[in-house]
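In the order they appear, the protein sequences are chains A and B.
Going by my numbering, the first sequence opens with residue 357, and the numbers climb by one from there.
Going by my numbering, the second sequence opens with residue 26, and the numbers climb by one from there.
We treat Cβ as the ideally placed atom computed from N, Cα and C, and that holds for glycine.
Bear in mind the structure is a predicted one, so any value in this text is a computation, not a measurement.
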Amino acid sequence: MSLPSATSAGELRNLAERIRQGDASAETELVHEFSHRIFVMGVVRTHDREAARELVQDVLMAVIGALRNGQLQDADKLAAFVHGTARNLINNQLRAQSQAPALDPLPEDLAQACSAEQLEDAERVGLVHQALERLGQQDRKILWMTLVQGHKPGEIAAALGLSAEVVRTRKTRAVKKVADLIRKKLSRT
Amino acid sequence: MNCTEVEEREILERYLLDRLTEPEREEFEKHYFECGTCFAQVQTGLALQTELRRQPAMPVRARGASLLRTWVWAPAFAAIVILLTAGIWWYSARNRQPLQQVAAPPPKVSPNVPVKVQSPSTTPSLEELARVEPPPYSAVVLRGAEDESHEAFHKAMQYYVKEDYAHAIPGVRAAVEASPQTASFSFYLGACYLLTGQTDLAIISFRKTVSLGDSAYSESAHFYLAKAYLGNKDVARAQDELQRTVQFHGSLEAPAAEILRQLRN
Chain A
357 MSLPSATSAG ELRNLAERIR QGDASAETEL VHEFSHRIFV MGVVRTHDRE AARELVQDVL
417 MAVIGALRNG QLQDADKLAA FVHGTARNLI NNQLRAQSQA PALDPLPEDL AQACSAEQLE
477 DAERVGLVHQ ALERLGQQDR KILWMTLVQG HKPGEIAAAL GLSAEVVRTR KTRAVKKVAD
537 LIRKKLSRT
Chain B
26 MNCTEVEERE ILERYLLDRL TEPEREEFEK HYFECGTCFA QVQTGLALQT ELRRQPAMPV
86 RARGASLLRT WVWAPAFAAI VILLTAGIWW YSARNRQPLQ QVAAPPPKVS PNVPVKVQSP
146 STTPSLEELA RVEPPPYSAV VLRGAEDESH EAFHKAMQYY VKEDYAHAIP GVRAAVEASP
206 QTASFSFYLG ACYLLTGQTD LAIISFRKTV SLGDSAYSES AHFYLAKAYL GNKDVARAQD
266 ELQRTVQFHG SLEAPAAEIL RQLRN
């Protein structure tokens, strides 16, 4: 599993150009760079992990096709182009799931790079489980009330007998604690 | 959008709960497509949400419980206040007596006149009155093939049953768009909005349910519309909707009347 990369704007510009010139390794890099982001975006927008997994392939295929044909006018805007393509395909799917035109599947090697196992981040979820166990009961409650029940800090504060400011601070600290643990563990692998 | 804004405006939580406006969502996604730090937070947030949803519900003392406790202790508290006030009144009256004898004749006070004591306020706040229990829902399976809107609705309401109101919204909204004349769709869309704190949208949906005319959901729509107005601290409109609820003489008559009574206190 890879950590989210922080590819510079220059590298992304270069990536777009290499794909236009037919560099196969650049296509794999593009898949690594964006497949997780497209998947997360798909899950949040469709609430359907299966659909999100399929979307990743469709979006990447559409993006790679466009890049191969030199359709990206401004190579500086590669991230925005991928995001825009993802948004359009997700919206199309939400509007008419069965009527969406079927795109060609990704070639085998690229499809491997965004396999279900990788996208689902099973390892990340496992680490989150461990991290949650390390948090105090009240911090877990704050996270649960925020991310599952959708309560606002003021409402959580009233229910737990805390101030809204304390709830905000503890929530931020808890998320960072979990994120730090994941980063440390993943950077060792 | 930048990383500081994401934290200050609680963008991540609102994104995961589907509570950003479309332009906000678009802006945030564009940001995390380029920002590794924020994308790591989104991934962690999503994994946390997934994991927490798998875990059993955590017992949280609801505000109703603390309110109940207030009510339980209210008589004892009132008694203490009465005793203290009576004691202070008696003590000060006794100390004032000589002065009063010089200054003016003592007023004729009937010993039967009760001492008016300001009792502690036990009237629930607007916020407490605006609290809602989710309207009950049980899937009604119609004979024969269901149309697409009903299918979408039933699928979405599976989230509702699991108290995941935020995730129920897109499906219920799609059902409303596909079948705008179905009162149950509009009603439960309103309920989902209300239960996720989106009172303005809840008001629109409940008003639409009401506008569809006499239906099994009219009474409930008026009642929850009142709750939404209470959430917006619009007491006048809330009272109006509660009175309409009472006029149905249905199952919500008693709770509506009780809230009206508390609002008048």
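When DSSP states are grouped into helix, strand and coil, Val400 of chain A belongs to the helix group. For the region 211 to 234 of chain B, the beta-carbon criterion of a distance under 9 Å to any beta-carbon of chain A is satisfied by Leu220, Thr221 and Gly222. One finds Gly506 in chain A with Cβ atoms closer than 8 Å to the Cβ of Ala191 of chain B, taken in chain order.
With contacts defined by Cβ atoms closer than 8 Å, Leu503 of chain A and Leu220 of chain B do not form a contacting pair. In this chain, the alpha helix (DSSP H) harbouring Cys217 of chain B covers Ala208 to Leu220. Around the beta carbon of Ser230 of chain B, a 10 Å sphere encloses 16 or more other beta carbons of the protein chains shown; the residue is thus reported as buried. For Thr75 of chain B, the closest Cβ of chain A is nearer than 8 Å.
Contact annotation: in the region 248 to 264 of chain B, no residue has its CB less than 8 Å from a CB in chain A. Cα atoms of Glu49 of chain B and Cys60 of chain B: separation of roughly 16 Å, rounded to the nearest angstrom.
Secondary structure note for Pro280 of chain B: its alpha helix (DSSP H) is the uninterrupted segment Glu278 to Arg289.
In the structure shown, the three-state DSSP call for His439 of chain A is helix. For Phe248 of chain B, the three-state secondary structure derived from DSSP is helix. Between the beta-carbon of Glu76 of chain B and that of Leu488 of chain A there is about 6 Å, and that keeps the pair under the 8 Å contact cut. Where Cys63 of chain B is concerned, the enclosing alpha helix (DSSP H) starts and stops at Gly61 to Arg79.
In this model, Glu33 of chain B and Ala279 of chain B are separated by some 43 Å (Cα to Cα). The distance from the Cβ of Ala193 of chain B to that of Ala227 of chain B is about 13 Å, inconsistent with a contact at the 8 Å cut-off.
Taking a beta-carbon distance threshold of 8 Å, His439 of chain A counts as an interface residue toward chain B. Excluding the 5 residues flanking it on each side, Arg424 of chain A has same chain C-beta neighbours closer than 8 Å at Ile375, Arg376 and Gly378, in chain order. In this structure, the straight-line span from the alpha carbon of Tyr162 of chain B to that of Ile498 of chain A is close to 27 Å. Nearest to Glu30 of chain B by alpha-carbon distance, out of B:Arg44, B:Ala282, B:Cys63 and B:Leu42, is B:Cys63.
From the listed residues A:Val438, A:Ala408, A:His392 and A:Gln413, the smallest Cα separation to Leu371 of chain A is found for A:Val438.
When only Cα atoms are considered, Arg490 of chain A and Val484 of chain A end up about 10 Å apart. Chain A places a beta carbon closer than 8 Å to that of Gly70 of chain B, counting this residue as a contact. Under the three-state reduction of DSSP output, Tyr162 of chain B falls in the coil class, being neither helix nor strand. Counting only residues of its own chain and dropping the five nearest sequence neighbours on each side, Val399 of chain A has a CB closer than 8 Å to the CB of Arg405 and Ala408. Looking from the CA of Asn444 of chain A, the closest CA among A:Arg524, A:Lys433 and A:Val419 belongs to A:Val419. Taking 8 Å as the CB threshold, Arg393 of chain A lines the interface with chain B. For a Cβ distance threshold of 8 Å, residue set Glu38, Leu41, Leu42, Gly70, Leu73, Gln74 and Leu77 of chain B lies close to Leu503 of chain A, ordered along the chain.
By the rule that beta-carbons nearer than 8 Å mark a contact, Gln66 of chain B touches chain A.
Straight through space, the alpha carbons of Ala422 of chain A and His507 of chain A are spaced by roughly 42 Å. Under the DSSP assignment, Gln268 of chain B falls in the alpha helix (DSSP H) whose first and last residues are Val260 to Gln272. Interface criterion not met: the Cβ of Phe178 of chain B is under 8 Å from no Cβ in chain A. Non-local beta-carbon contacts of Glu244 of chain B in its own chain, meaning distances under 7 Å to residues more than five positions away in sequence, involve Thr270, Phe273, Gly275 and Leu277 in chain order.
Comparing alpha-carbon positions, the option among A:Glu385, A:Ile512, A:Val396 and A:Ser391 lying closest to Leu37 of chain B turns out to be A:Val396.
Gly70 of chain B and Val531 of chain A do touch by the CB rule: their CB atoms are close to 7 Å apart, below 8 Å. Not flagged as an interface residue toward chain A: Tyr185 of chain B, since no C-beta distance is shorter than 8 Å.
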